[in-house]
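**Q** In the numbering used here, the protein residues as written are 3 to 314. Just so you know, even glycine gets a beta-carbon here, dropped at the ideal spot from N, CA and C. None of these values were measured; they are calculated from a predicted model.
#1: Ignore the nearest five residues each way along the sequence and tell me which others in residue 77's own chain have a CB closer than 8 Å to its CB.
#2: What does the Cβ neighbour count give for residue 302, buried or exposed, with the cut at 16 atoms within 10 Å?
#3: Is the beta carbon of residue 91 less than 8 Å from the beta carbon of residue 181?
#4: Can you check which of these residues, 213, 147, 53 and 81, is closest to residue 240 by C-alpha distance?
#5: Quick one: what's got a C-beta closer than 7 Å to residue 156's C-beta in the same chain, skipping five residues either side?
#6: Taking C-beta to C-beta, are residue 1 and residue 106 nearer than 8 Å?
#7: What residue does the beta strand (DSSP E) around residue 112 start on, and which one ends it?
#8: Between the alpha carbons of residue 130 and residue 207, how many angstroms are there, rounded?
#9: Thinking C-beta only, is residue 186 closer than 8 Å to residue 229?
#10: Let me know if residue 220 comes out buried or exposed under the rule of 16 or more other beta-carbons within 10 Å of its beta-carbon.
#11: Go ahead and pull the three-state DSSP assignment for residue 136.
#12: Label residue 53 either buried or exposed according to how many other C-beta atoms from any shown protein chain fall within 10 Å of its C-beta, with 16 as the threshold for buried.
#13: Let's see if you can read the secondary structure: which residues bound the alpha helix (DSSP H) around residue 175?
#14: In its own chain, which residues sit with a C-beta less than 8 Å from the C-beta of residue 311, not counting the 5 before and 5 after it?
#15: Using a Cβ-Cβ cutoff of less than 6 Å, which residues in the same chain neighbour residue 112 once the five nearest sequence positions on both sides are dropped?
#16: Report back the beta-carbon spacing between residue 215 and residue 251 to the nearest angstrom; my notes put them in contact at under 8 Å.
#17: Mind checking whether residue 98 and residue 108 have CB atoms under 8 Å apart?
#18: Rounded to a whole number of angstroms, what is the C-alpha to C-alpha distance between residue 297 and residue 271?
#19: Report yes if the C-beta distance between residue 269 and residue 236 is below 8 Å; otherwise report no.
#20: Leaving aside the five residues before and after residue 209 along the sequence, list all residues of the same chain whose C-beta is less than 6 Å from its C-beta, in chain order.
#21: Taking the beta strand (DSSP E) that residue 222 falls in, what are its first and last residues?
#22: Return the residue from the list 110, 146, 104 and 167 that minimises the CA-CA distance to residue 133.
#23: Going by the beta-carbon positions, is the gap between residue 260 and residue 202 smaller than 8 Å?
#24: For residue 232, does the count of other Cβ atoms within 10 angstroms reach 16, so buried, or fall short, so exposed?
#25: Do you know how far the Cα of residue 100 is from the Cα of residue 158?
#26: Could you check which residue in 211, 194 and 256 has the C-alpha nearest to that of residue 93?
#27: From the DSSP secondary-structure annotation, give me the bridge partner or partners of residue 165.
#28: Below 8 Å between beta carbons: does that hold for residue 217 and residue 123?
#29: Judging by CA-CA distance, which residue of 118, 211 and 165 is the nearest neighbour of residue 265?
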């Protein structure tokens, strides 16, 4: 019979310190972080913000008022009293128109000059020595102009409509330009004036053209082109109401020599009218378009409507 052996005694590990028991702590309340929806703002910050808003509003209002009240292009000057007896040609009316333009802006010079002649609605006379007084003179003057700060533009133009019958400037208008037309030289009449050029056109073909049907061909316009060049010329344009799409009769006349340098006839015949059309005399450039060597690329354009006043 074997004897039972007692269990071995617990021998601690050498060099190892046992952990002490963990202390038991009482339960704590959960920590809650508080947020403020509207953090408090000092009165000084509120006053500063209100001042900035008021300053911005004042600056905006000041800019708007400046834009509205700052002067733009100078308005047309008051119209002068009608001249009696009225000047009826470009050359005789230009002193009046030039003075009006100089009153508007110093240094203004004409960049466009055109005159309309209203002929009697009767058979054309063969001994014309003067231009009939009915009609208009259109001019556009350009002048250097520097706008105030905040306004756009580098030049301005003044357009005027002059009544040849009454000697009165009946319409004026101004316009500012970002890129203005080239400043033309001061006005000086060419060697061949408007009367001489128109008589030359009449003798060449104009009188015959009008006589064919004077009730439909009673308006003529004459314009001075290329005034600043070495070869200025007059463009004489006879309207034809029978066909608004046709160009009627157009002639270019050298403003230095009086020579007719181009003719364009593009009007239907006056069938059944007294003095029916006869073939026009042969002229330089009469091939259906102005002579290419004489600014042929600038084909004349007809104006179908009577000039209207743009107000004073």
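**A** To lay it out plainly:
#1: By 1-based counting over the chain shown, the position of residue 77 is 75. These residues qualify, in order along the chain: 176.
#2: Residue numbering aside, residue 302 sits at position 300 when the chain shown is read from its first letter. For residue 302, the predicted structure reports a pLDDT of 39, less than 50, and the residue's modelled location is therefore unreliable. The matter cannot be settled from this model.
#3: The sequence position of residue 91 within the chain shown is 89, counting from 1. The sequence position of residue 181 within the chain shown is 179, counting from 1. The answer is no: Cβ separation not under 8 Å.
#4: As a working mapping, residue 240 is identified with position 238 in the chain shown. That would be 213, whose Cα lies nearest to the Cα of residue 240.
#5: Here the question's residue 156 lines up with position 154 in the chain shown. Closer than 7 Å at Cβ, skipping near neighbours: 179, 180, 181 and 182.
#6: The chain is shown from 3 up to 314; residue 1 falls before or after that span and cannot be answered.
#7: Numbered from its first residue, the chain shown carries residue 112 at position 110. Here the beta strand (DSSP E) through residue 112 covers 111-120.
#8: Numbered from its first residue, the chain shown carries residue 130 at position 128. Numbered from its first residue, the chain shown carries residue 207 at position 205. So the two alpha carbons sit approximately 14 Å from each other.
#9: Counting from 1 along the chain shown, the entry for residue 229 is found at position 227. Counting from 1 along the chain shown, the entry for residue 186 is found at position 184. It is a contact, given that the beta carbons lie within the stated cut-off.
#10: Here residue 220 corresponds to residue number 218 of the chain shown, with the count starting at 1. Burial call: buried.
#11: What you label residue 136 is simply residue 134 of the chain shown in a count that begins at 1. If DSSP states are grouped into helix, strand and coil, residue 136 belongs with coil.
#12: On the chain shown, position 51 is the one that residue 53 refers to. Flag for residue 53 reads exposed.
#13: In the chain shown, counting from the first residue as 1, residue 175 sits at position 173. Not the alpha helix (DSSP H): residue 175 falls in the beta strand (DSSP E), residues 170-179.
#14: Within the chain shown, numbered from 1, the residue matching residue 311 stands at position 309. Bear in mind that a pLDDT of 42 at residue 311, under 50, signals an unreliable position, so the number given afterwards is only what the model happens to contain. Excluding residues within five positions, the ones whose Cβ falls inside 8 Å are 163, 172 and 173.
#15: On the chain shown, position 110 is the one that residue 112 refers to. Answer for residue 112: 141, 143 and 189, listed in chain order.
#16: For this step, residue 215 is matched to residue 213 along the chain shown. For this step, residue 251 is matched to residue 249 along the chain shown. That belief does not hold up - the Cβ atoms of residue 215 and residue 251 are roughly 12 Å apart, past 8 Å.
#17: Along the chain shown, one-based indexing puts residue 98 at 96. Along the chain shown, one-based indexing puts residue 108 at 106. Cβ distance not < 8 Å, so residue 98 and residue 108 don't count as in contact.
#18: Position 295 of the chain shown, counted from the first residue, corresponds to residue 297. Position 269 of the chain shown, counted from the first residue, corresponds to residue 271. Interpretation of residue 297 is limited by its pLDDT of 40, a score under 50 that renders its predicted location unreliable; the figure taken from the coordinates is listed afterwards. Those two C-alpha atoms are separated by around 28 Å.
#19: Start at 1 with the first residue of the chain shown, and residue 269 comes out as number 267. Start at 1 with the first residue of the chain shown, and residue 236 comes out as number 234. No, the pair does not count as a contact, with Cβ atoms beyond the cut-off.
#20: By 1-based counting over the chain shown, the position of residue 209 is 207. Once the five neighbours on either side are set aside, the close Cβ partners of residue 209 are 126.
#21: The count along the chain shown starts at 1 and reaches residue 222 at position 220. Its beta strand (DSSP E) spans residues 221-227.
#22: For the purposes of this step, residue 133 is taken as the residue at position 131 of the chain shown. It is 167 whose Cα lies nearest to the Cα of residue 133.
#23: Counting from 1 along the chain shown, the entry for residue 260 is found at position 258. Counting from 1 along the chain shown, the entry for residue 202 is found at position 200. Yes. Within cutoff.
#24: Position 230 of the chain shown, counting from 1, holds the residue named residue 232. Residue 232 comes out exposed.
#25: If you number the chain shown from 1, residue 158 lands on position 156. If you number the chain shown from 1, residue 100 lands on position 98. Approximately 15 Å, taken between the alpha carbons.
#26: Within the chain shown, numbered from 1, the residue matching residue 93 stands at position 91. The residue with the shortest Cα to Cα distance from residue 93 is 194.
#27: Locating residue 165 in the chain shown gives position 163, where the first residue counts as 1. Partner(s): 138 and 170.
#28: As a first step, residue 217 must be located in the chain shown, where it is residue number 215. As a first step, residue 123 must be located in the chain shown, where it is residue number 121. Cβ atoms of residue 217 and residue 123: closer than 8 Å.
#29: The residue given as residue 265 occupies position 263 in the chain shown. Checked all of 118, 211 and 165; the closest Cα to residue 265 is 211.
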